[in-house]
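> Residue numbers (our numbering), protein chains in the order written: chain A, 1 to 227; chain B, 1001 to 1259. Ideal Cβ positions, reconstructed from N, Cα and C, are used throughout, including at glycine. Have a look at this one.
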Amino acid sequence: MALLTEPDMEALGLTLRLASTVTVLLLLLGMPLAWWLAHTRSRWRRPLAAVVALPLVLPPTVLGFYLLMLLGPNGVVGRTMAALGLAALPFTFKGLVVASMIYSLPFVVQPLHNAFESVGRRPLEVAACLRAGPLDRFFSVALPLAWPGVLTAAVLGFAHTVGEFGVVLMIGGNIPGQTRVLSMRIYDHVQAGEYHQANVLSLCLLVVSFAALLAMSLLRTRRQAHD
Amino acid sequence: MMKRRWLQGLLALGVAWASSSMAAPADEHITVAAAADLHQAMDEVVAAYRHDHPASKVDVVYGSSGNLLTQIEQGAPFEIFFSADSNYPQQLVEHGKAGGTPVPYALGHLVMWSASIDMRGVQVADLAQPRFGRIAIANPQHAPYGKRAEQALRAAGVWDKVQSRLVFGDNIGQTAQFAQSGNAQVGLVAESLVINSPVKGSSAPVPSSLYEPLKQSFVITRRGAANALAKDFASYVQGGQGKAILSRYGFNLPVENAP
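Dropping the structure here:
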């Protein structure tokens, strides 16, 4: 028997595409957000940090259920999108991207937040004295110093999106090539009693997750050696 | 001193809890695994049964028949398995996990249901028209209604044309939810789930000639074999009251099973 069938490969490819899209978008969105959280003194800082952390404690089914209701044709977002002539999000790849971004948000923002905080103000103040502009300060001083945190954020965001299941089950619709990701495919195999395929695919997920965590830990050790 | 009293209190609570759970012998509690199409109907049957037998406790777990079969084979603590077809109970017998033979109890029906489109008079072949938008069916891989939906769409010659608009619910309950929330414009769902549904919509029957009959059978599991309550509940479902409730949900029963 082939190790991975064509639909299995399709699910694997789709999962990797989803996870990389989500990781890139979350880094772009997460950096300014984490920067703001690390430096602001606004009284909105704590409530916003709590909102960012919400997906950590919310069951994915709660997220999936609200997304299905909000994004559906009777929901606020769904109706607005329809009025703007945009296609509805549930059961689409885009919908999965949006849902996964919410789901994986804390896994990206929290490491970034910690990294920016540990950089501290001093290097930035020094750079300011040398007449570096705000953008220059961020890109030539803060970002290089916070780099391991950025990598951690990327790895965690990626690994978490790869393993996502509950939200996908609720709003995915299990469409081959569009929303049938690896975790869904494993679930289907198990339900159909196809334990061999479930085993092979599960092993793939396990290896990806393990490799991600190992890479992160190695990075951290190297950084400590630098310090 | 204070601490000691706390501990004594905890101990007393523990003993009380243990004895209360021991007060209900295994024979007075069963867990039933039921296909998702039975949701409303089975809830009603259980309520009626509880009314007649206040001392007994019947819990129900719903899911796709394939999933429930897998769970039972892996040792899930279910005493009876009400499947949405007859193959899965038969498999349980073949794998030595059943405590009896499968008994047909209902015949399921597939309907096309929509919250937004007037479905009256719509034929299955019409679903090829793009105006019907997304079509939700249960996963054919492990849900009997999904398998029948695929058969019907193939028999009507539209499977390939609707392919790109299909979404797959995990079981027939989730499929109905996809349609009832309006996220899928049409759902090929169990009649039993929409017949008394509070959600407004319209439906058209899927001719039974287009799919293999959904002859639904239950089987008592090996775990439930010696359980008197399991046997009594099973015969209640087949009895007058059980049948009356099931027929209100559109399950007209196989004639051969008439008393």
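#1: Using a C-beta to C-beta distance shorter than 9 Å, which residues of chain A count as neighbours of Val1167/B?
#2: By the criterion of Cβ-Cβ separation under 7 Å, what are the contact partners of Pro111/A in chain B?
#3: For a contact meaning CB atoms closer than 7 Å, what does Val190/A contact in chain C?
#4: Taking its Cβ as the centre, do 16 or more other Cβ atoms sit within 10 Å of Asp1052/B, making it buried, or is it exposed?
#5: Note the first and the last residue of the continuous alpha helix (DSSP H) segment covering Pro90/A.
#6: Going by beta-carbon coordinates alone, are Glu1079/B and Asn1227/B separated by less than 8 Å?
#7: Gly72/A versus chain B: which residues are under 7 Å apart at the beta carbon?
#8: Can you confirm whether Met69/A, when its beta carbon is compared against all beta carbons of chain B, has any partner nearer than 8 Å?
#9: Check whether the region 1213 to 1226 of chain B and the region 1119 to 1139 of chain B are in contact - that is, three or more C-beta pairs closer than 8 Å.
#10: Can you check whether the CB of Leu1188/B is closer than 8 Å to the CB of Ala1244/B?
#11: Tell me the rounded alpha-carbon separation between Met1022/B and Glu1028/B.
#12: How about Leu169/A: is its C-beta nearer than 8 Å to some C-beta of chain B?
#13: Three-state secondary structure (DSSP) at Ser42/A?
#14: For Val141/A and Pro106/A, what's the separation of their Cα atoms in angstroms?
#15: Quick check on the burial criterion: 16 or more other C-beta atoms within 10 angstroms. Buried or exposed for His196/A?
#16: Using CA coordinates, which residue listed in Trp1159/B, Lys1147/B and Arg1154/B is at the minimum distance from Ile997/B?
#17: Does any CB atom of chain B fall closer than 8 Å to the CB of Gly193/A?
#18: Measure the alpha-carbon distance for Asp1043/B versus Val57/A and round it to whole angstroms.
#19: Hey, is Gly1096/B's beta-carbon within less than 8 Å of any beta-carbon in chain A?
#20: May I ask you to list, following chain order, the residues of the region 1046 to 1077 of chain B that have a beta carbon less than 8 Å from some beta carbon of chain A?
#21: When you compare only the Cα positions, how much space is there between Ala1234/B and Thr1101/B?
#22: To the nearest angstrom, how far is it from the Cα of Leu1193/B to the Cα of Ala1041/B?
#23: What is the rounded straight-line gap between the Cα of Tyr1145/B and the Cα of Gly1169/B?
#24: With Gly1242/B as the anchor, note down where its alpha helix (DSSP H) starts and where it stops.
#25: If you count every other CB in all the chains shown that lies within 10 Å of the CB of Arg17/A, and 16 or more means buried, which is it?
#26: State yes or no: is the C-beta of Ala1048/B within less than 8 Å of the C-beta of Ile1220/B?
#27: For Leu1092/B, report the span of its alpha helix (DSSP H) as first-last.
#28: Taking a contact to mean a Cβ-Cβ separation below 8 Å, would you say Phe1218/B touches Gly1108/B in this structure?
#29: Let me make sure I understand the geometry here. Which of Thr179/A, Gly163/A, Ile175/A and Ala215/A has the alpha-carbon closest to that of Leu203/A?
#30: Check the DSSP bridge columns for Thr1031/B and list the partner residues they point to.
#31: Leaving out five residues before and five after Asp1037/B in sequence, what residues of the same chain have Cβ atoms less than 7 Å from its Cβ?
#32: Out of Gly1242/B, Ile1195/B, Gln1141/B and Ser1116/B, which has the shortest C-alpha to C-alpha gap to Ile175/A?
#33: Helix, strand or coil: which one does DSSP assign to Ile1135/B?
#34: With a threshold of 8 Å between beta-carbons, can Phe1178/B be considered close to chain A, or not?
#35: Tell me, to the nearest whole angstrom, how far the beta carbon of Val1122/B is from that of Ala1152/B; I am working on the premise that it is less than 8 Å.
On the basis of the coordinates in this document:
#1: Pro90, Phe91, Gly172, Gly173, Asn174, Ile175 and Thr179
#2: Correct list: empty, because the minimum Cβ distance to chain B is about 33 Å.
#3: The question asks about chain C, but that chain is absent: this structure's protein chains are A and B.
#4: exposed
#5: Segment: none, Pro90/A is in no alpha helix (DSSP H) and carries neither H nor E.
#6: yes
#7: Ser1181, Gly1182 and Asn1183
#8: yes
#9: no
#10: no
#11: Because the pLDDT at Met1022/B is just 49, under 50, the model does not fix this residue reliably, and the point stays unresolved.
#12: yes
#13: coil
#14: 24 Å
#15: exposed
#16: Residue coverage of chain B in this structure runs from 1001 to 1259, which leaves residue 997/B outside it and unanswerable.
#17: yes
#18: 31 Å
#19: no
#20: Ser1064, Gly1066, Asn1067, Leu1069, Thr1070 and Glu1073
#21: 12 Å
#22: 8 Å
#23: 10 Å
#24: Gly1240 to Arg1248
#25: exposed
#26: no
#27: Asn1087 to Glu1094
#28: no
#29: Gly163/A
#30: Asp1059/B
#31: Ala1084, Gly1108, Tyr1145, Ile1172, Ala1190, Ser1192 and Leu1193
#32: Gln1141/B
#33: strand
#34: yes
#35: Their Cβ separation, rounded to whole angstroms, is 13 Å, which puts Val1122/B and Ala1152/B out of contact at 8 Å.
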